[in-house]
Amino acid sequence: MPRDRRIYIASALLLCVGVAAALIVRDDYTVKLMLWIATSALLAACLRFVLLIGELNIATAAFYGIGAYTAGVITTIFNGPLVLAMLAAAVVAGLVAAVFGFITLRVKGPYFLLISFAFTEVVRLKYTQSNIIGGNSGMIGIFPPVAIEPYYPAIMIAIIGLVLIGLYAIERSPLGMLFKAIKSNDQIVLSVGISVLVVKVICVVIASAALGLGGALYAHSNNVISPGDFGFLLSVFVLAYVKIGGEEHMVGALLGAAFLTLLGQYLMGVGAHERIFFGGAIIIAMLVMPQGLTGLALQLGRRLGWATPAASLGQHK
Amino acid sequence: MDLTVQLIVNTLQIGAVYVLFSLGLTLIFGVMKIVNFAHGEFFTAAALAMSVVVPWFAKALGLSAIPVFALSFCVSVLVVLALGLVVYKFGFERYLRDLIGSFIVSIGFVLLLEGLYLEIFGGAPRIIPPLIPGVANILGAAITWQRLLICFLALAITFGLYFLVARTKLGLALRAVAEDQEAAMLQGIKYRRVALYGFLIGCGLAGAAGAFMAPLAAITTFMGADFLIKAFIIIIIGGLGSIPGAILGGFIIAAIESFGSYYFDSSTATIALFVLVIVGLLVRPQGIMGHAER
Amino acid sequence: MIKTAGKLVAISAIAGLAMMSAAQAEVLKLGLSGPKSGAAAAWGIGFEWAAKQAAEKINKEGGIKANGKTYTLEIVSYDNQYNATEGAKVAQTLLNRDEVKFVVGSIGTAPVKALQSLSERKGVLIFTTAWGPSAKGPNFPLTFTQINTPAEVLDQLYGYVVKQNPNAKTVAMLNPNDATGQDTEKVAQESWKKLNVKVLASDWYERGTTEFQPIATKLATIKPDIIDLSTTPPNDAGAILKELKVLGWKGVQVVSAGTSSSSLIKVAGDAVEGTYMGLAADFDGPAATPIQRELNKGANAANGDPLNVITIGSWDAVMALKAAIEKCNCTDPKKVAEALPTIVFESSYGPAAFGAKDVYGTPQQLLVPTIVTQIKGGKVVEVQRVVPPELDARLKAAKK
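Protein chains in written order, with this note's numbering: chain B, 1223 to 1539; chain F, 11 to 304; chain R, 5 to 404.
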């Protein structure tokens, strides 16, 4: 447990630094960069959360989008308050996930991967055909209230940070252990009289509610959302964050999100060859560090002799 | 024009190429247990290769259309096989049977190859002359002769593959590996070698489909993407890893597209496809022809 | 002080940016936001190329003179991937990192809206090709439309088609299910109705479709006198025309907003014969200006793809901007925006201006001739050219 406490303290500190930075830094671009990393990290953490039960959830993008659209509808069409928009986004995404999960989690592996992919595309195509939410052009003018606008980035980082810590806490709780038990052998879980399906649904609902909240935050910081933002490719990129960061530990998801977001921004300046570099970077990363950045750090740590604390990062399989 | 016949003819001509493409994807899944997102890039590579090689052969050798196409077809498929070998060696080889790892690697290749194609071939569509001119009339339905020919060639390759898998030693190894990799290895089957062959055959099928589409469609650097998404739907409906399933699924999807576009509209037909997948999976998760996987 | 601290963070985060953000005093950076990957990549690439040609030409001729300074131009262009997320990132990068004051071109309704929501607040002037009415008007005082849009063209085009084919009484329309299609379809329905042509069906399809027989079969069996492929992109429109020919449908073919006639001709082959187009000016033939012919040739050589009505828009925007900056003798975007509607400048089409206040509420639409073309013998032929009355009046006033 002391190690856990250390991690909580470290993340709380990091969170404070992030919030303080969002309040102090006056350069809009830097602030936006922090927000992009934060939302990417949240997406990565949520995708990884469902990976705990061994499923690759392409619908990560769909639930993020459901949250963003729910919040957008509440603030722009009904002029509702921001807090309500955020809560509703989490609740709606969670409810949809409950139904989705209850039906689809009976299958697993490649079948779940592909069904979540199909679900994501259906949801996206439905947005494009709905005029009230702007069809393909998307929704515009999703702003936080003027009074809190200057503090919005700090609020956003604070909420995302707390959600991330929450997700980590759940992962370390008995429930989280159950998730991992299902991944390694669901028959054993079943044999002690626990409904595997219910546990899986709970996992997907938690991740989706967090995604819904994240979507609401994103919609208000981006001000504009469109169906094209929530296609299956988003989930694919998020998986790259997780994989390149290293999926053994949640820190990996954060590292991967930060690394690839910054790399993406840097490559934007490189010009037309952006995609080639990005694709190449993913392949090379997968070849030279199959365990991701955290795995690499671990190896380096071992070699430098301070193995014990770092090695324990990967202890819980 | 007899409407029903026309819609059926449409189904067959679209379906034949879908089947070819999906067969490759399902074969690769069966043998390697990976979902290859880069499958569409092999299709595109073959079509792009055709757009370069066909005019070149026509000019350099002065042959008539059919031999030029036959030669170009072989060259294009070879190009795809070479590309497939590179992708396998520098990517998938280390992620066999790792669904998530291989998925990421395939995404890396999608981005890399798409970027490279655009860099090399540019954004403008490319076109090659028709294989044979003219329009045939079947029971009141119109179809171009080249479509008809390509339809037959695609079916011939499909039967060829069926024979290969059902009757040859390699086919037996492929089936054994797909069924139970560990048991197959205990029987002395070299898994890595079989996986490589399976992957290359899959790439070759994607390449053949791409080469066949080259005279039929505008050749662009992103034309594989549409086929990839359709193929996913096809192999889910047919059952992952199932060869008869991919054949049946290919024609079912083509039928929905053909009839759905007529009775509703194309955009609605696209949504219907995805909804069908979800409903289908719920009723029969293993697909029409798939085996239940524990 | 704090701002510099923030910058330092950014610099340490992204190596190498330091050189880019340290702007030299007399370089004027102009932004571009267009798709450079995926299905619409050709647009973004051509767009960037044309803007760079314009900047190069101006730099060679001594730059832009204002405030007693001489500015040389530099084009900064990013890939917006045709969606709002990347559009917003591009906007942030252009406006907040590169500190661009003018965006000389933006493509794609969703990314343009993302750009607009930032640019209008930051006081940055943007030019756009997005033609949805929702991106124009008094709410967007700093947004200028840099090309002719269907609203300018459709009445002219359809009127000409009906005049040439007086027996055509019915039409079937097809649009891709995207923002451009959805925006244009409404205008097109109105336009046909005004001419007493009955719209039998208006169908949608998903972008990225490769097999078009089902769509063609549907269109042909409706048996309309006219098939209007509207905003269907040239590659797809070409494939559909080809299938229609196989099915034996004969009638009037219209691709009202198809922008690239060369792609259409390439893909459709002889099935394209007789097709009317509204946004496919011929930059190759005798009706084109010398500069258009030269640009078209250059683009063809550089990108393997000729210019079209959209991609040439970035050239026109750069030229308009130069004229406006020199007129107001300043580089303040707000003042430049005030100057733009008052000037007559030399566009690639010849003398042009900004106007159309009576239609949109603000005089911020580019005024250039609307050109109806028809494909005859595998070539684009200009069949009608209408100079907007407002432009005509402005040109006469300018001469006095």
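The beta carbon of each residue, even a glycine, is placed where N, CA and C say it ideally should be.
Since we're looking at a predicted model, the values are computed, not measured.
DSSP places R/Gln85 in no beta strand (DSSP E); its state is neither H nor E. In the structure shown, R/Asn179 falls within a strand segment according to DSSP collapsed to helix, strand and coil. Nearest CB-CB separation between F/Leu13 and chain R: below the 9 Å threshold. Around the C-beta of F/Cys213, 16 or more other C-beta atoms lie within 10 Å, and the residue is accordingly described as buried. Annotation for B/Val1510: no beta strand (DSSP E) segment contains it, though the alpha helix (DSSP H) segment containing it runs 1496 to 1510. Under the three-state reduction of DSSP, R/Trp196 is assigned to helix. Residue burial is scored here from C-beta neighbours: F/Leu13 has fewer than 16 other C-beta atoms within 10 angstroms and is therefore classed as exposed. Annotation: the continuous beta strand (DSSP E) that includes R/Trp208 extends over 202 to 209. Using a CB distance below 9 Å, the part of the stretch 124 to 140 of chain F facing chain B consists of Glu124, Gly125, Leu126, Leu128, Glu129, ordered along the chain. F/Gln156: member of the alpha helix (DSSP H) spanning 155 to 177, first to last residue. Sequence-distant Cβ neighbours of R/Gly66 in its own chain, meaning closer than 8 Å and more than five residues away, are Thr74. Excluding residues up to 5 positions away in sequence, Asp229, Ile230, Val256 lie with their Cβ nearer than 6 Å to the Cβ of R/Ala172 in the same chain. Secondary structure note for B/Ser1352: it is in no alpha helix (DSSP H), with a DSSP letter that is neither H nor E. For a Cβ distance threshold of 7 Å, nothing in chain R lies close to B/Glu1277: the least Cβ distance comes to about 25 Å. Our two residues, F/Ala265 and F/Ser116, have alpha carbons roughly 30 Å apart in a direct line.
Around the beta-carbon of R/Trp196, 16 or more other beta-carbon atoms lie within 10 Å, marking it buried.
At a cut-off of 9 Å, the C-beta of R/Lys198 has no neighbouring C-beta in chain F. Contact between the stretch 277 to 285 of chain F and the stretch 67 to 86 of chain F is absent, with fewer than three C-beta pairs closer than 8 Å. Here R/Ala341 is actually not in contact with R/Leu77; their C-beta atoms are around 18 Å apart, not less than 8 Å. Per DSSP, the unbroken alpha helix (DSSP H) holding R/Asp320 starts and ends at 317 to 332.
In the three-state scheme derived from DSSP, where H, G and I count as helix and E and B as strand, R/Ile379 is classed as strand.
By alpha-carbon distance to R/Ala241, the top candidate from R/Glu330, R/Ala139, R/Val276, R/Leu158 is R/Val276. Using a CB distance cut-off of 9 Å, F/Leu17 counts as an interface residue toward chain R. Taken through DSSP and simplified to helix, strand or coil, R/Ser352 comes out as coil. Contact of F/Thr280 with chain B by beta-carbon distance below 8 Å involves Leu1347. Exclusion of the five residues before and after F/Leu206 leaves Tyr98 as the residues of its chain whose Cβ lies within less than 7 Å of its Cβ. Taking C-beta atoms as the reference points, R/Ile244 and R/Leu158 fail to come closer than 9 Å.
With respect to chain B, the C-beta atom of R/Thr76 has no partner C-beta closer than 9 Å.
Between the alpha carbons of R/Ala285 and F/Asp236 lies a distance of about 30 Å.
In the structure shown, R/Ala357 falls within a strand segment according to DSSP collapsed to helix, strand and coil. Burial is judged here by how many other beta carbons sit within 10 angstroms of a residue's own beta carbon; B/Pro1366 has at least 16 and is buried.
R/Ser110 is bridged by DSSP to R/Ser37. When DSSP assignments are scanned along the stretch 211 to 283 of chain R, the uninterrupted stretches of beta strand (DSSP E) that are 3 or more residues long and fall wholly within it turn out to be 230 to 232, 256 to 259. By the neighbour-count definition (other C-beta atoms within 10 Å, threshold 16), R/Asn239 is a buried residue.
Counting only the Cα atoms, R/Pro137 lies some 24 Å from R/Tyr164.
Linking F/Glu189 to R/Leu268 through their CA atoms gives a straight-line distance of about 48 Å.
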